[in-house]
Structures are given as structure tokens and as C-alpha cells.
Amino acid sequence: MASSSRTGQISRQDRIRSLLGQYGIGIVLIIMMIVIAIMEPRFMTPGNIINVATQISINGLLCYGLCLCITTGGIDLTVGAQLALTSCIIGQTMSVLGWPAILSILAGVGVATLFGFIDGVLIAKFNMFPFVVTLSMQLVIRGLSQVITGGRAVMLTNDWFTGIYSSKLAGIPMPIIIFAVVTVIMYLMLHWTKFGRYIFAVGGNVNAAIAAGVSRFWVIVGVYTISGVLAGLASMIYTSKTGSAQSNIGIGYETDAIAAAVLGGTSFAGGIATIPGCVLGIFIIGLIYNGMNMIGVSSYYQSIVKGLIIIGAVMLDMVMNKNKH
Amino acid sequence: MKKSIVMKVLAAAMALSLVSCSFVIADETEAAGGEVSYEADVNGDGKIVVGYISKNFTDPFHAPINARAQEYFDQAVKDGIIDEWTGLLDGETDPNKQIDRAADCIAKECDIVIFLPAEAEASDPALVQMADAGIHVIEVNSKSASCDEKAIAYVGSDDVQAGNMLAQWVVDNCPDGGKFIHCNGVLGNSAQIQRTEGMHEIMDEHPEFEMVGDFDTKWDGNLAADAASDAISKYGEELVAIICDNDGMSSAAQKMCNDSGREDIICIGVDGVEVPMQLVKDGSLKATILQDGVGQINGAIEIVEKIVKGESFDPAPVIPFVLITQDNVDDYM
Amino acid sequence: MSEQGREYILECEGISKAFGGTQALKNVQLHVKPGEVHALLGENGAGKSTLMKIVIGLYKQDSGTMVFDGKPYQARGPVDAIKSGISMIHQELNPEPHLTIAESIFLKREDHNGIFLNKRRQNERTQKILDEFGFPYPATTLIRDLKLADVQMVEIIRAVSTNAKMIIMDEPTSSLDAQETEHLFRVIRDLKKQGVAIIYISHRMAEIYEICDTVSVFRDGQFIGSSALKDVTNDDLIAMMVGRRVENQFPKVDCPIGDVVFKAEHLSGKGFEDISFEVHAGEILGFSGLVGSGRSETMRAIFGMDPLESGKMYLNGKEFKRKNPGDSISQGVCMVNEDRKNFGLCLFRSIRENTSLPSLPEHQKGVLLNQAREKREVEEVSRTLLLKAASIEHNAFSLSGGNQQKVVIAKWIMAGPKLLIMDEPTRGVDVGAKAEIYTLMSKFAAEGMAIIMVSSELPEVMGMSDRVLVYHEGRINGEFFRKEIISGEVTQEVILSSAFGVA
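Sequences listed follow chains A, B and C, in order.
Following this note's numbering, the numbering of the first sequence begins with 1496 at its first residue and continues without gaps.
Following this note's numbering, the numbering of the second sequence begins with 68 at its first residue and continues without gaps.
Following this note's numbering, the numbering of the third sequence begins with 408 at its first residue and continues without gaps.
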């Protein structure tokens, strides 16, 4: 560390190296794309690229929420159940009670937001473990969606709503636009606002953060609330996509979201994450599904392949990071 | 089935010969036409208690079944047909939970239990446990492994038949053949296995069809929709059909096709839950295959009634699947 | 083994080690004789720690050889080093707090009967060793129930119980008070008599002169020289370390003392009682006393980290109320915490983010941060503090202790405090950086800031303070002024007796 250079300058070599370290997982993504493209030339068509980008939006939104929670040193296991609850609220209010679509969406996303807020308060105010809080709340939320629908599926009859998933703006599918807008907002929030810095500080060293005047309470409540909003939005896309609302959807969806966040360099120790990293992680998970479908991996092997690819990607990323030091 | 009943009678006879014969009640008698009858009050406490172990409360297919059971047994208690029932017990699609619920039924001294197994093998101990405790178990919807030996009746449909119907619909509607994909349910689930088997029985006879994808879509409409869009993007016009193990997946897949301007792709699945039925009615889904869940539970209810009245009944009624198209959809909604 | 023989117990020759592009050690040597206390001197980042980590096998050198006890030596890790007879007592004591003393001492070499742990025999053996050392706790005491000084003693006892021929001590006195330090020195002298070599790393020159025989000086990864301590002066050593002569160890500049900035009236809380004092603009107010006498507790309560049971505070004449540190910071009261690792820095975030954390509200432009301005200001304050870092975008983790402390100070300077509380501002900081921090304190005071300095190092308190308040058992027991100290009227002994409650 006895570097003689003073502060301020950063060499180009340093910058490239740190970029590689930060987004080394991007190389994994490129390798995956090349391998899939060789095995299946139709993978690289513009149509399929847009197809993948559209498919990843649901997991992408969930991933951002989890990324924030993990960065503060927590976890949000409710997102799968939140997906079901928002879907059921949208379905019931729109199809059964005949509310206007916008109002239903607001109600659905609003309730998801509220549950996120409650998670945050339980964790921050009462110092409960995030794992325990969200594990239990997940049961409450899914139970509530069963109560609302009585377990029945509700069909979405509002054409505008069911058209959201396939509609396009300037030739770009709506889910991509929603995902892109959320990505930009999340990027700015995490890397360009006071709140983002506070998230890193609380996750990095909560005592130092408090000693620097950061309110742990509002940071924790903030990230779980945002995770709720994002789960609600993801559910809106999901419900529009399948055209039906039911309480048994979204089971296990938190695992893909966690996997994407971790692939993107989000540290379970807290305090380390980047949104560009998460985007890469989200694309990798999306490519695993799309790639296996394109190549035609037998259904019995898909789960194994998925698990091995995730482990392999994380290992490759670690090896690349090691070389840097 | 018949053989096993004979075995049971033999076993009962042996038991009789061992016990002194003063207060023996024949537990099971074989009547004409393969029908059987049973003594209702198994434990002789003077009360008839019925248990109901659901598969789950979350699946739209099971919701109307559970609702029908709730409605009937509440009324039956009021009417004095039976003395008590357990209410709907939630199996949570989890064999482990179902085994626990079975123990609850034994503890509550049930005489008859209606049981909808979640898994063929893993849920079986629930049946064995109850049967060994002397309870008359009626399995509904799908069979667990020792159903034929241990349950007194099975009311259900033949999932292999449903698989045949799925494939037949595609064969009938795409006379020129072409490429199709298959969306699986959760792998290892008996409905997934049998429906897939039935689908292959027909499709293997038709070389003009080529299965180009076999996806692990886990009963999940979202994953089926993604599989559909992947297949469309890979095969384009060559893709003619998507066969799904349930119609939650087929309706999501059909919606994806229609939204991509590919209304011509035939998507079909099994179950006949509300959403696909509505879609058939609206014309956006051409057909679905109804597994008559309410018909199955009604079959089980009928058996309960006959046991209580001491009448004999068919221990294995098959409730047929029904092909639902726009022509007959109104009859089943 | 020949006592005080001519041959060396440890010989390192031509050791080099690079991390990435940074050459941490360049062809250095070290020769340690049995039975001597050998001081390693050098600023943080000079390469002492790297060399020691190579010796105990935490790192592997790129080139160079070592001979220990007459045999070629290369440890594969600390456990291996212990087997060879080298133990290290780390600066950041990191014992497992949930273990008992016995478990800690027998860690990784537990007493077994077959596969089963023989706890009773282990405890008995430990107790015997403890008794030999006159250590006043039973072997079954949990580590977390011990004072820091006793934890350190446990580490030393462990080292001795492994029959160590050489013990490396990294800043062993940094968290000890005067009495505890004396006790440690007695133990070191005993070890010396038994022929154990000690490598002693410290920044406290007085201690080095008191306990060490030989000194080796390092600078910028290079070996500068080695000498018997009796042959070199303090100034020579400092010159060797920093590569130039440090004119004045305590560059205190007298500046006009202004109005009262902060006033405390009858503060009471956990660990302190009825504390009243004033601190003026331009004044450096020193707080002396034994570790645990309630100084840090008072400061934490003022800053809002801990609750206050009673008492009132005033800032610039108005009553000062705070619910949490955030309130204090926004009103201009900031605090450098004595525990840098736990309360100072997010080690895996950049220098920039760490520095600007308390002043982020001032860097907002709408909802977003003005990062360009933030960067400019952090660079400016880093320059003022002479921070040695390749870039402010690097992780705080990559910095040496002294530079980490500068980042902590930088973040409070950037927040623009009216009152800056500095609890042990130079703990774990090397001589060169210490002088720099003192210069900065003088500068900030001259600019009108009121500064409170809590310190356990008497020369520092006496060299830098305009006024010294001495704590004894939670109360203020003495007040001394700079002119009394300069005139020699108040000596170290006077302040010490006040701290011990004698006067």
C-alpha cells in the first residue's frame, strides 16, 4: 500500500481492472451467449433477444427488491407470495368487483407495498431477524390471497389489462419498458442518492452508519417497502401475461431472484451491490431458461443444468476477481 | 380390484375364525355385480364421523371440489345423515402434511375418510395408516400406491385417457402434422406422468408430428408462456401445437400465442378450471379437457351415503374426462 | 540452546513480496537474537506487518529465505509456525469470546482421550499454567468476561504454553493503561530471562526505549537499518522512519481562545457522574484518565450514541438536545470514535463514500447527489489531511491504520463541526501520521473549532491540550492548564496521581 501517488488520480489500467472485477460476471454472460448461439443459431435473432428481454422483466423486478434487502444484510422471502396476493387483488377487484384497471393495479401494488412496509417495521423496530419475519409474513400473505379468492382462479376480462404484457410502445414491448424504467430508477437511487449511500452504509457497518447520523430504521423500512412495490409491479406483469389470477402462483420465485442478485455481485455479508451487476445476473438467469428451451434440454435435466450453471458462474467470477488481487 | 376384495373377504373370514363368534358383525360383503358394502360405524362408538383430507386449498382445480365437500357435509351433519365431520383439512400439496392430517383423522375416530393424495408414493403412508386403523378410506382424484389394497373405493378419472384426448385433439385439428412442444407439470407428479404417457401413446403413432421441446414448466402458467414464446421465436411457422399437462399452462401459452399473432397454434391442456373454460367460451382458447372434479367428489359423496344406508356400491367408478369446446362449454360452467 | 549466543534465532534474508502492482517488501533482512527484545519500527505501510505475516506463514514471500533456530524455515500457516516455535499476538485481538480461557489456550491442540475431549484435564493443566503466571482468574472463565488487558495476557500465556522460542507482539500496549503496561513489561522481562526472543512492534517510542534491546527500522517496504537501542537517539529513529527529521513531535500552535462553544452541566449517565465543563472556540481540551474511567462514555452520551440520565448541554449559548448522532451532526457536534473498526468505517466501501457519509444531506441537488462536487470536496479534504491513497475510489480496507484514521477525521471535517470530539485520535497511527494529525488539530482549532481530545497517552494530552481535565472513577478529579505544563509545574506524575485519585 505504499503507493506514492496522491489522491485523485486513477490510472486507466486501474479503471479497466476495477471494471472487470466489478462486472466480471458480464464475461460469463457473453460466454453463455456464444455457447448457446453455437448450439442453436436461431438464438441470436433479434426476435429471440427481445423475447428474452421481455421474459426477464418479472424476475428482474423481484431481483432488485432482493438486492436492496440483501445489501442491508437482510433477505425478503415474501416476494413469491406477494406475487400471488397482488395478482389475486387485481383479479378480484377488476373481474369480480368491476373496478377500473388502474384502480385495481393501484390497490394490488398498494397492498404489496403495505406488506413490504410492515416487514420493514417488524425488522427495524423490533430487531427481528429478516429471515424469520419474511418467512412468516410469506405465509400470512399467501394465506390472505387464498382467502380473497377462495383458492379459485379468476380470469382477467379487461382487454387493456391483459394486453399490457404484449403491448408495445415505439416497437418495444411494454415489459421491457417497465423493466428499463425501473432499472434506471433503481440505478439512480442506489448509486446517485443519499438513500442509496445509506443502504450501503447500514449494510457495510451498521454501527458506523448510526454514528454517522444514518437512521437505520428508515433505511430498513425503505428497502423492504421498495421490495414490496417491485413485487407488486412484477405481479401486475405476471397477471397480465397469464391472464389469470390465482393464489398458487409465484411459489419459489424468490430463489431465481436471489440467484440473479448473487450472480450480480450482491454480497450476503451486506454493503456490496451494484445495479449494473444485477442486470447481468438477471440476464444470466433469463438466458438459462431461454437457452435450455432453445437448445432443447430435456425437462428432467433442466433443474440440474440450472443449478450447475449458477455455481459455475459464481466460481468463474470468483476466480476472475482473485486474479485481480 | 376384484381379486383384492376376495382377499379381503378371506382375511376377514380368517379373522372371524380366530375370534370367538358371539358378537361378530360382517364388515364387508360382496353383493352382485362387483359391488361391495361396508359397516358404517367402524369403531362402534355409535357415531359416524367423516374426515376429508384435501390435496390443497390453493389450486383452482381443487377449489370447487373442496367447496362442494364443504357444502355437502355441513348439510349432512345438519340433516343427521352423519354425526360429525372434520371440516376441510389442508394437505398443502405436501405428502408429509397429509400423513399428519391422517393421524389427526385417526385421533378424531373417523369412520370414513375422503382422501385426495398429493403424491402416489409419498402420500401412501397416510392411506395405509388410516386403513390399518380400520377406517374406510375413499381416495378421490388420484390413486396412491396401495390404493387397490387398502382403500375401499377410488373415485377418479383416468389421466392416461386425458393424455390420449390431448393428443387426439391436436391430431384431429392439425391434419398436416408439424412440430409441437410439451409443457410438463411438476415432474414426478402422477398426473404429469400419466397424462404425458397418454399423450405419447397417440403421438408416437403419428410420425407426421415431431415433439421439439419437452419443458419443465412445473404447472406454472408464466413458465409455459415463456416456453411458448421461446418456441415461437425458434420455430416460427413450423410450430403448430402446444400440449400442456394442465390448462392453466395451456391458457397462458395460448394467450402468448394469440398476443404474438399466432392464433393458429393449438394449445390444449387438462382440468377445465374456470379461466380456461371462460376462454373457451370467449373463443380465444379452442378447447380444453375437463376433469370433472365436482363429479369425482359427488361420486365419493354417493359412496358415503350408501355406506351409511348400508347399501352396496361400485368401488371404482370412473368419472370420464370431457372435451370442452365452444359448443358444450355452457353445459359445464 | 545457547543463551544470548552469537548466532541468531531468526534470520531473514532478501525477502521480497508484491501485491498486484504494489511492492510491499523489497529485499529486506531481519536478524533476531535469542533472549532479546527486538523492536520493529516504521510507519504504517512500511512493511513490518507484511514481513511478520510472512514469518508466521500467512503470506508466502516472492523471494528470499528464512532460517529459524538454525534450520531453514518456511511456515505454511500460523498453526505450522506455532509448531516450529513462533507465536504472534495480534494488534486486533481476535479471540473467540465464547470460549473459556482453557479452551482458548488449547485451541487447535485440544487435550484428547481418543476422539473425546478431556475437558477436566485440559482445565487442570490450564489452571497450573495460569497459577504460574499469577493470573487471577479460573481456567473456566469465558474470554468475553475478561478485560482487554487480560485477554492479551491469555494470548501471551498461550504463546508461552506452546513452548514458543519467539513471540511477535504487534502493538501490545495500544489498549492497555499504565498499570497494565507495567505488568506486561514484567512478563516480557521474565520471558527474556528464559531465552525467548520477542519481536516488539509499537509506535510508542518511550516504551521501545524502556523494554527493547535492538531496533530494526523499515520504510516504504525497505530495510533501513538495525542498531542497539542504546546507540541511537529518538530523533535519529524518527528520521530513519520518516526519511526526514520531524522538527516537533507535538506541533501545537497557540491561538486565541474564543467564546464558549459547548457547555456541559452536571451530566450523569452510565459510567460517569456530575460532569460539568466548558470548551471554547480555538481550544483543545484534553481528557486524561485511566481506560474505563468514564471519559469515552461521557463523550458517547454527548454525541447521542448513549442516553444521558441527567444534566443539560449548551451549544453556542442555546440548549443542545439530541436524540441520536444524526441530530448532533446536523447541529455541528461530531465525534471520532475510539473504536475505528466498529464505529468508524465501512471498510468495503470507497474512501469517498466513507468520507462524505455524514455530510450527504449537503451534497444533494434535488433528489440526486451532486457527485462531482462531492468528489471535489472529498479530494480537497483528503489533500488537506495528506491522505495516502492511490485513489479516493479505493476501498477503505486497502488503507493502513493511520490512513484509515485520516478518513475518519476527514469525514467529520467535511461535516463542518463546531465541536469535534476526538476519542483516542492517534490509536494505531504511526509517528509520521501522528504529527500530521496533531498539526491538523492545531489548524482546525486556529480556524475556531472547539476540540475535545480524549487520550490515554500522557505525552499526547500534555503536548497538545490547552487545558487537561483528568477523570477518576467517573468524575472529574483535576484540571490543569497549558502554561502549568509548559512551565514544568505539572508533570506526568501529577496527572497520573490525579487519575489514580491520589491527589
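Positions of the beta carbon are idealized from the N, C-alpha and C atoms, including for glycine.
- In the structure shown, C:Gln-656 adopts coil according to DSSP, grouped into three states.
- Check the Cα spacing between C:Arg-874 and each of C:Gly-449, C:Ala-857, C:His-610: the tightest is with C:Ala-857.
- The C-alpha of A:Ala-1704 lies about 19 Å from the C-alpha of A:Met-1623.
- The secondary-structure analysis by DSSP pairs C:Ile-422 across a beta bridge with C:Val-435.
- Cβ-Cβ separation between B:Arg-329 and B:Ile-309: approximately 10 Å, too far for a contact (criterion under 8 Å).
- Between the beta-carbon of A:Tyr-1733 and that of A:Ser-1582 there is about 6 Å, and that keeps the pair under the 8 Å contact cut.
- Annotation: A:Ala-1754 is outside any beta strand (DSSP E); the continuous alpha helix (DSSP H) that includes it extends over 1748–1758.
- What A:Ile-1767 touches in chain C, judged by beta-carbon distance under 9 Å, is Phe-755, Arg-756, going in chain order.
- Assignment of B:His-267 by DSSP, reduced to helix, strand and coil, places it in the helix class.
- A direct Cα-to-Cα measurement between C:Met-829 and C:Glu-745 gives close to 8 Å.
- Residues of chain A whose Cβ lies closer than 9 Å to the Cβ of B:Glu-106 do not exist, since the nearest Cβ in that chain is about 35 Å away.
- At least one beta carbon of chain B lies nearer than 8 Å to the beta carbon of A:Ile-1553.
- Neighbours of C:Gly-693 in chain A, taken as residues at a C-beta separation under 7 Å, are lacking, since the least C-beta distance is about 22 Å.
- Less than 8 Å separates the beta-carbon of C:Met-860 from that of C:Pro-832.
- Taking CB atoms only, B:Glu-305 has no neighbour in chain A less than 8 Å away.
- Uninterrupted alpha helix (DSSP H) stretches at least 4 residues long and entirely within the region 778–820 of chain C occur at 778–791, given in chain order.
- C:Ser-805 is classed as buried because its beta carbon has at least 16 other beta carbons within 10 Å across all chains shown.
- In this structure, DSSP gives C:Glu-760 a helical state, which the three-state scheme calls helix.
- Ranking A:Phe-1695, A:Val-1574, A:Ala-1754 by CA distance to the CA of A:Gly-1765 puts A:Phe-1695 first.
- For B:Asn-133, the chain A residues whose Cβ falls inside 8 Å of its Cβ are Gly-1646, in order along the chain.
- Apart from sequence neighbours up to five positions away, the residues of its chain that approach C:Ile-892 with a beta-carbon distance below 6 Å are Met-869, ordered along the chain.
- For B:Gly-201, there is no enclosing beta strand (DSSP E), as DSSP marks it with neither H nor E.
- Taking B:Tyr-302 as the centre and dropping the five residues before and after it, the same chain places the C-beta of Lys-246 closer than 6 Å to its C-beta, in chain order.
- Against chain A, a Cβ distance below 7 Å from B:Asn-365 picks out nothing, because the smallest value is about 18 Å.
- If you ignore the 5 residues before and after A:Gln-1633, its C-beta comes within less than 6 Å of the C-beta of Leu-1572, Thr-1573, Ala-1576, all in its own chain and listed in chain order.
- Annotation: the continuous beta strand (DSSP E) that includes B:Val-279 extends over 276–282.
- In this structure, A:Ser-1794 lies near B:Asn-251, with their beta-carbon atoms less than 8 Å apart.
- In the DSSP assignment, no residue is bridged to A:Tyr-1719.
- Across the region 273–297 of chain B, CB contacts with chain A closer than 9 Å involve Val-279, Gly-280, Asp-281, Phe-282, Asp-283, Thr-284, Lys-285, Trp-286, Asp-287, Gly-288, Asn-289, Leu-290, Ala-291, Ala-292, Asp-293, Ala-294, Ser-296, Asp-297, in sequence order along the chain.
- Assignment of B:Ile-309 by DSSP, reduced to helix, strand and coil, places it in the strand class.
- Taking A:Asp-1654 as the centre and dropping the five residues before and after it, the same chain places no C-beta closer than 8 Å to its C-beta.
- Ranked by how close their Cα comes to the Cα of A:Ala-1740, the residues B:Gly-336, B:Val-337, B:Pro-343 have B:Pro-343 in first place.
- Residue pairing by DSSP places C:Gln-629 opposite C:Arg-626 in a beta bridge.
- In this structure, DSSP gives C:Thr-621 an extended state, which the three-state scheme calls strand.
- Below 8 Å, enough C-beta pairs join the region 1525–1545 of chain A and the region 1780–1789 of chain A to call them touching: three or more.
- When only Cα atoms are considered, C:Met-720 and C:Pro-441 end up about 57 Å apart.
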